[in-house]
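This report concerns only the one structure given below.
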Amino acid sequence: MSEKLLEGDGKAFLVLLLPISFLIIFLVATWRFLLALIVLGIGFQIWQQYQWQQWSQRVNPVFHRLIRENQGKITPMDLAIRGNFSGSAAKRYLDSKASEFGASFINSEEGGEVYYFITASILGNILDSSEPVKELPAQPVTKTARSLLAPPPPQSLEEKPEAELPPPAVHTEVKQNLAKQLVFGSLIQSELAKRLNVYSSTVYKRRNDPEFPEWSRSRDPDGIAWTFSETTKEFFPLEES
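In this text, residue positions in the sequence shown follow numbering that gives the first Met the number 0: the first is 0, and each later residue adds one.
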């Protein structure tokens with residue numbers, strides 16, 4: 000009984016030993032070829048990654064212009080048409096940018112997918128539009144008037160010399176502040192509201208009004224008229240003819 004068991008175990012061991020020995024012989028004979036294939040595969044992957052990075056750097060300016068023009072919204076079709084390359088490459092590029100900048104996705108009415116990148120100017124417009132519309136409180140008007148027949152108040156014999164008032168603020172300071180604000184040639188909504196001494200929501204409500212330049216001129220300390228650009232969502236001074 001034990002001899003049969005030993006004989007069966009020996010046959011099973013031989014059955015396992017033969018394929019293992021063949022595998023070892025194959026690896027010993029072809030390890031150089033296999034190693035070369037692995038090195039070539041890794042090198043090809045590195046080369047593809049390098050080519051993709053170089054291509055992405057050339058596409059970045061096109062992507063940035065579309066983001067500014069479309070207020071952060073972009074589709075693979077927009078990028079493919081502007082850059083004149085395939086839609087699959089555009090989608091792969093936008094997917095990488097979405098994971099890099101944390102973009103959100105919006106489903107359009109046509110069923111397509113829109114990538115939404117939020118920039119600082121877009122976030123500022125969202126916050127400004129969410130503010131409640133408020134007007135500055137009206138200054139109280141004194142309704143009581145002194146009678147014209149009332150005698151003037153008595154004056155003391157010894158009049159104290161009046162304290163000298165500080166000299167008025169030099170007008171050039173306002174121009175210097177304006178020059179500092181107009182480093183980029185325009186003002187955002189909050190900056191213009193501060194300059195006009197009104198709430199940001201007031202500027203937001205009036206910015207598309209045809210009479211906005213005259214209204215802003217009446218409140219500007221330098222009498223400058225301002226106009227609103229729908230493209231950049233910024234305010235520019237109007238040059239007098």
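Virtual Cβ for every residue (Gly too), placed ideally from N, Cα, C. Since this is a predicted model, take the numbers as computed values, not measurements.
Extent of the continuous alpha helix (DSSP H) to which residue i belongs
i, result
"F227", "F227 -> not in any alpha helix (DSSP H); beta strand (DSSP E) instead, spanning 225-228."
"E213", "211-218"
"S189", "188-195"
Cβ-based burial, residue i [other Cβ within 10 Å; buried from 16]
i, result
"K204", "exposed"
"Y49", "exposed"
"F234", "buried"
"L156", "Here L156 scores only 46 on pLDDT, less than 50, and its place in the model is too uncertain to base an answer on."
"S215", "buried"
"Q52", "exposed"
"P18", "exposed"
"W46", "exposed"
"D208", "exposed"
"T230", "exposed"
Enclosing beta strand (DSSP E) for residue i [first to last residue]
i, result
"S85", "Counting along the chain, S85 falls outside any beta strand (DSSP E), and DSSP gives it neither H nor E."
"S199", "Unbroken run through S199 is the alpha helix (DSSP H), 199-205; no beta strand (DSSP E)."
"N69", "Run containing N69: none; DSSP gives neither H nor E here."
"F256", "Coverage of the chain is limited to positions 0 through 240, which leaves residue 256 absent and any answer about it impossible."
Integer-rounded CB distance, given that residue j should sit under 8 Å from residue i
i, j, result
"I66", "F116", "6 Å"
"S120", "K232", "6 Å"
"G81", "V113", "With the sequence shown as reference, residue 81 is identified as Arg, and Gly is not the correct amino acid for it. Rounded, the Cβ-Cβ distance is 15 Å, inconsistent with contact."
Spatially closest choice to residue i from the options, by CA coordinates
i, options, result
"R57", "A97, T231, Y92, V202", "Y92"
"P236", "P209, S185, S199, Y198", "S185"
"F104", "L39, P75, F25", "P75"
"V197", "E213, D219, E210, P212", "D219"
Would you check if there are 3 or more beta carbon pairs closer than 8 Å linking the region 70-77 to the region 26-35?
-> No, they do not touch.
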